[in-house]
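Trainee: Chains as they are written, first to last, in this note's numbering: chain Z, 2 to 402; chain S, 37 to 167.
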């Protein structure tokens, strides 16, 4: 292990679901304590902490410390939409790479059960009383529903449809089949919010949210937390053989925002920044997409999963529909995608997601995934994207020991 | 008393031939619909107002059937390609079903009344209807 390498020493995710009797601090503390135990270290070993809770108030990191250990280390409270968890990881990695410390803690938590539609603005209450322009567009009332939509299901529906317009073949049924895959995968994941296998008919005939996304094709709002302990290669060498054997190498850690493209301020461009992040990540890690044994990608909607096959270069440009239809992304396929059940079935407690997907990959690389183990997994990729936009990609590799 | 009209957004120009306008970067030609500080593509700070053509094609759409309180559904939210400039808008004057709306469909700008306020001012919205 090279001295400038970074490893995941301990990692944990809570079961995703509904926790009416636990708050965000309870859930985050549960994940943190378990991640520390998993790495056989304590808060005393941590030199930095980064924490995120998108919907919560500020200072989540300090609130968690008050329950798990206050040692005076710097805390970075991060917020980066659905890439918040990946941003927390990346923040700790940067601190270790900068030589400020040799071990750090990243945590993301969210309580989202029952919040309903994200990104939706209600109609203006004052509509009709007095038309008065306001804001950057001089609008006289809330424009959501009048000038397209900024709600999440509608936005990502258009992302998938745009791909269909460009390359063809992206039908309602195809998107529903992607969802069928992820719901089927989730039946093997005891930590998923939903473990129910759904038939294609059930998915297509469920409540339509924003065509072509029906309810089971949308990410499941739920509660959950995930935490990871990161360590430098130098420090890892001083730890036990058992710790070294279970450590997972972070071969690439990349965060991008969206570069300007025509239309990116009309419909969020989730493609360009993901393509750039993927290219950087493959270069950093020295691996190619064909080396990946599993991928956890940001299927916030079934329509999004399709475009990311292409963005992550898992298939040829424009070939995502054929790639999916070949069966490649099922757990017994060439490039298993979202064997955890993905955001559609495992669930999407926003700030936890960017660490929970890394946990899933680590679980397989360590050979600890039980019935859903991808046999012989050596390299995996975890991807998240938050609108606005931010994209985080981590490539992980099995310990050489 | 003549009734006054106000556009839903300031980039909708009313009158005999309603159309949209954009702030075009005089340096690189990037077009934006909002108030600008600088160009997101080339960082220049000068813009000119340009008219957007009224005809376009549907490049992406969704039919929103589940929205926030007070927002009438269903509606067709879309990205319209108006001669190379992308516009966010609803597709209107069409049944909101996947049978009646399609990718690549030709559309043109249309306006409609959003109602009159307590001062007698009528707000005018826009969308794109099948052409």
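From the three backbone atoms N, C-alpha and C, an ideal C-beta is built for every residue, glycine too. Since the structure is predicted, the reported quantities are computational estimates derived from the model, not experimental observations.
(1) If you measure beta-carbon to beta-carbon, which residues of the stretch 89-118 of chain Z are closer than 8 Å to chain S?
(2) Can you tell me which of the three DSSP states residue 402/Z falls into?
(3) How should residue 30/Z be labelled, buried or exposed, when 16 other C-beta atoms within 10 angstroms of its C-beta is the threshold for buried?
(4) Would a C-beta distance cut-off of 9 Å place residue 367/Z and residue 399/Z closer than the cut-off?
(5) Just curious, the alpha helix (DSSP H) that residue 358/Z is in, first and last residue?
(6) At which residues does the alpha helix (DSSP H) containing residue 247/Z begin and terminate?
(7) Give the DSSP-derived three-state secondary structure of residue 155/S in the structure shown.
(8) Specify the secondary structure class of residue 37/S as computed by DSSP and reduced to three states.
(9) Hey, how far is the Cα of residue 238/Z from the Cα of residue 245/Z?
(10) If we define contact as Cβ-Cβ less than 9 Å, is residue 391/Z a contact residue for chain S?
(11) Compile a chain-ordered list of the residues in the stretch 192-222 of chain Z whose CB is closer than 9 Å to at least one CB of chain S.
(12) From the DSSP secondary-structure annotation, give me the bridge partner or partners of residue 214/Z.
(13) Are there 16 or more other CB atoms within 10 angstroms of the CB of residue 458/Z, so buried, or fewer, so exposed?
(14) Provide the residue(s) that pair with residue 105/Z in DSSP beta bridges, ordered along the chain.
(15) Quick one: what's residue 81/Z bridged to in DSSP?
(16) Chain Z beta carbons: is any one of them nearer than 9 Å to that of residue 57/S?
(17) Counting only runs that start and end within the stretch 54-84 of chain S, where is the beta strand (DSSP E) found for 3 or more residues in a row?
(18) By alpha-carbon positions, which one of 11/Z, 12/Z, 117/Z, 362/Z ends up nearest to residue 221/Z?
(19) Report the rounded CA-to-CA distance for residue 193/Z versus residue 393/Z, giving the unit in angstroms.
(20) Output the distance between the C-alpha atoms of residue 14/Z and residue 54/Z, rounded to the nearest integer angstrom.
(21) Residue 160/Z and residue 302/Z - do their beta-carbons sit closer together than 9 Å?
(22) With 8 Å as the C-beta to C-beta threshold (strictly closer), list the residues of the stretch 105-118 of chain S near chain Z in chain order.
(23) Helix, strand or coil, according to DSSP, for residue 143/Z in the structure here?
(24) Using 9 Å as the limit for Cβ to Cβ distance, is residue 129/S near chain B?
(25) For residue 361/Z, which residues in the same chain have their Cβ closer than 7 Å to its Cβ, ignoring the five residues on either side in sequence?
(26) Determine the extent of the beta strand (DSSP E) in which residue 10/Z is found, giving its start and end residues.
(27) Name the chain Z residues whose beta carbon is nearer than 7 Å to that of residue 63/S?
(28) Just reading off the alpha helix (DSSP H) that residue 156/Z is part of, what are its end residues?
(29) Out of 257/Z, 353/Z, 70/Z, state which residue places its alpha-carbon closest to the alpha-carbon of residue 224/Z.
(30) Is residue 171/Z helix, strand or coil by DSSP?
(31) Output the boundary residues of the beta strand (DSSP E) element that contains residue 326/Z.
(32) What distance in whole Å lies between the Cβ atoms of residue 307/Z and residue 171/Z, which are believed to be in contact at a cut-off of 8 Å?
(33) Evaluate the contact criterion for the stretch 18-33 of chain Z versus the stretch 76-91 of chain Z: three or more CB pairs, one atom per stretch, below 8 Å.
(34) With DSSP as the reference, label residue 91/Z as helix, strand or coil.
(35) Helix, strand or coil, according to DSSP, for residue 114/S in the structure here?
(36) Which same chain residues end up closer than 6 Å to residue 5/Z when comparing Cβ atoms and leaving out the 5 residues on each side of it in sequence?
Mentor: Taking the coordinates as given:
(1) Of all residues in the stretch 89-118 of chain Z, the ones placed with a Cβ closer than 8 Å to any Cβ belonging to chain S are 118, in chain order.
(2) As a working mapping, residue 402/Z is identified with position 401 in the first chain. Reduced to three states, the DSSP call for residue 402/Z is coil.
(3) Position 29 of the first chain, counted from the first residue, corresponds to residue 30/Z. Buried, since its Cβ has 16 or more Cβ neighbours within 10 Å.
(4) Residue numbering aside, residue 367/Z sits at position 366 when the first chain is read from its first letter. Residue numbering aside, residue 399/Z sits at position 398 when the first chain is read from its first letter. Against a cut-off of 9 Å, the Cβ pair of residue 399/Z and residue 367/Z comes out as a contact.
(5) Against the first chain, residue 358/Z aligns to sequence position 357. Here the alpha helix (DSSP H) through residue 358/Z covers 351-366.
(6) Here residue 247/Z refers to the residue found at position 246 when the first chain is read from its first residue. Per DSSP, the continuous alpha helix (DSSP H) segment holding residue 247/Z begins and ends at 242-247.
(7) The residue labelled residue 155/S in the question sits at position 119 within the second chain. DSSP places residue 155/S in coil when its eight states are reduced to three.
(8) Taking the second chain and counting its residues from 1, the one referred to as residue 37/S is at position 1. Here residue 37/S scores only 48 on pLDDT, less than 50, and its place in the model should not be relied on; the value that follows carries that caveat. In the structure shown, residue 37/S sits in coil (DSSP, three-state: anything other than H, G, I, E or B).
(9) Along the first chain, read from residue 1 onward, the residue named residue 238/Z stands at position 237. Along the first chain, read from residue 1 onward, the residue named residue 245/Z stands at position 244. Residue 238/Z and residue 245/Z: Cα-Cα distance of roughly 7 Å.
(10) Numbered from its first residue, the first chain carries residue 391/Z at position 390. Between residue 391/Z and chain S, the shortest Cβ-Cβ separation is not below 9 Å.
(11) Answer in chain order: 208, 209, 210, 211, 212, 213, 214, 216.
(12) For this step, residue 214/Z is matched to residue 213 along the first chain. Looking at the DSSP output, residue 214/Z bridges to 211/Z.
(13) Only positions 2 to 402 of chain Z appear in this structure, which leaves residue 458/Z out of reach.
(14) Start at 1 with the first residue of the first chain, and residue 105/Z comes out as number 104. Its beta-bridge partners are 49/Z, 231/Z.
(15) As a first step, residue 81/Z is located in the first chain; it is residue number 80 there, counting from the start. Per DSSP, 83/Z.
(16) Stepping through the second chain from its first residue, residue 57/S is reached at position 21. Cβ-Cβ to chain Z under 9 Å: no for residue 57/S.
(17) Runs found: 55-61.
(18) Reading the first chain from its first residue, position 220 is the one you call residue 221/Z. Here the closest residue by C-alpha is 117/Z.
(19) Start at 1 with the first residue of the first chain, and residue 193/Z comes out as number 192. Start at 1 with the first residue of the first chain, and residue 393/Z comes out as number 392. Answer to the nearest angstrom: the Cα atoms are 22 Å apart.
(20) Within the first chain, numbered from 1, the residue matching residue 14/Z stands at position 13. Within the first chain, numbered from 1, the residue matching residue 54/Z stands at position 53. Each residue's Cα considered, the two are about 15 Å apart.
(21) The residue you call residue 302/Z lines up with position 301 of the first chain. The residue you call residue 160/Z lines up with position 159 of the first chain. Yes; because the gap between Cβ atoms is below 9 Å, this pair is in contact.
(22) Considering only beta carbons, the part of the stretch 105-118 of chain S lying closer than 8 Å to chain Z consists of 105, 106, 107, 108, 109, 111, 113, 114, 115, in chain order.
(23) Position 142 of the first chain, counting from 1, holds the residue named residue 143/Z. In the structure shown, residue 143/Z sits in coil (DSSP, three-state: anything other than H, G, I, E or B).
(24) No chain B is part of this structure, whose protein chains are labelled Z and S.
(25) Indexing the first chain from 1 puts residue 361/Z at position 360. Excluding residues within five positions, the ones whose Cβ falls inside 7 Å are 297, 341.
(26) Against the first chain, residue 10/Z aligns to sequence position 9. In the DSSP assignment, residue 10/Z falls within the beta strand (DSSP E) that extends over 7-14.
(27) Working through the second chain from its first residue, we reach residue 63/S at position 27. The premise fails here: residue 63/S is roughly 13 Å from chain Z at the closest Cβ pair, so nothing lies under 7 Å.
(28) Translated into the one-based positions of the first chain, residue 156/Z becomes position 155. Residues 153-168.
(29) The count along the first chain starts at 1 and reaches residue 224/Z at position 223. Among 257/Z, 353/Z, 70/Z, the Cα nearest to that of residue 224/Z is on 353/Z.
(30) The residue you call residue 171/Z lines up with position 170 of the first chain. Look at residue 171/Z here: in three-state DSSP terms it is coil, with no helix or strand label.
(31) As a first step, residue 326/Z is located in the first chain; it is residue number 325 there, counting from the start. Going by DSSP, residue 326/Z is part of no beta strand (DSSP E) but of the alpha helix (DSSP H) stretching over 321-326.
(32) As a working note, residue 171/Z is residue 170 in the first chain. As a working note, residue 307/Z is residue 306 in the first chain. The Cβ separation is near 6 Å, so the contact holds.
(33) No, the stretch 18-33 of chain Z is not in contact with the stretch 76-91 of chain Z.
(34) As a first step, residue 91/Z is located in the first chain; it is residue number 90 there, counting from the start. In the structure shown, residue 91/Z adopts helical secondary structure according to DSSP, grouped into three states.
(35) Stepping through the second chain from its first residue, residue 114/S is reached at position 78. Looking at residue 114/S - three-state DSSP - the assignment turns out to be strand.
(36) Here residue 5/Z is taken as the residue at index 4 of the first chain, counted from 1. Same-chain partners within the cutoff: there are none.
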